[in-house]
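Below is one structure; the comments refer to it alone.
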Amino acid sequence: MLDEKKFNKMNTKQRYELLKKSGRHLASRYYADYNVHLCYLEPFYVEIWYKMGFDTIFWIEIVKNKEILDTYTDLIDIEKNLSD
Numbered sequence: 000m001l002d003e004k005k006f007n008k009m010n011t012k013q014r015y016e017l018l019k020k021s022g023r024h025l026a027s028r029y030y031a032d033y034n035v036h037l038c039y040l041e042p043f044y045v046e047i048w049y050k051m052g053f054d055t056i057f058w059i060e061i062v063k064n065k066e067i068l069d070t071y072t073d074l075i076d077i078e079k080n081l082s083d
């Protein structure tokens, strides 16, 4: 199982490849100049930050702050995610 320390040692490309392979996209939101995607990568929630207009991943990080996760509450389709 992946631990936080191992994830944090990965570079952005490695994190992205891992998310593509093993992660699950849950929702998206906008923040300032970024399109932010929430994914689940057991046992973590992870955000991918895309800089709008550049089509480039700016960073990928584990979300620890409950307030940030709460911003996605109305955006996640629970029924859809349960049936997948």
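Using numbering that gives the first Met the number 0, the first residue of the sequence shown is number 0, and each one after it goes up by one.
By construction, the Cβ of each residue, glycine as well, lies at the ideal position given by its N, Cα and C atoms.
As the structure is a computational prediction, the values presented were derived from the model and not from experiment.
Using the beta-carbon count (16 or more within 10 Å), is L25 buried or exposed? Taking the first residue of the sequence shown as 1, we reach residue 25 at position 26. Buried: at least 16 other Cβ atoms inside 10 Å.
Which residue from L18, D2, I75, K12 puts its Cα closest to that of V45? By 1-based counting over the sequence shown, the position of residue 45 is 46. Checked all of L18, D2, I75, K12; the closest Cα to V45 is L18.
Rounded to whole angstroms, what's the CA-CA distance from G22 to G52? Just pull it up for me. Taking the first residue of the sequence shown as 1, we reach residue 22 at position 23. Taking the first residue of the sequence shown as 1, we reach residue 52 at position 53. Approximately 25 Å between the Cα atoms of the pair.
Give me the residue from I61, N34, S27 with the minimum Cα distance to K8. Taking the sequence shown and counting its residues from 1, the one referred to as residue 8 is at position 9. Nearest C-alpha to K8: I61.
Measure how close the beta-carbons of R28 and T70 come, nearest whole angstrom, since I'm counting them as under 8 Å. Stepping through the sequence shown from its first residue, residue 28 is reached at position 29. Stepping through the sequence shown from its first residue, residue 70 is reached at position 71. The C-beta distance from R28 to T70 rounds to 6 Å, short enough to meet the 8 Å contact threshold.
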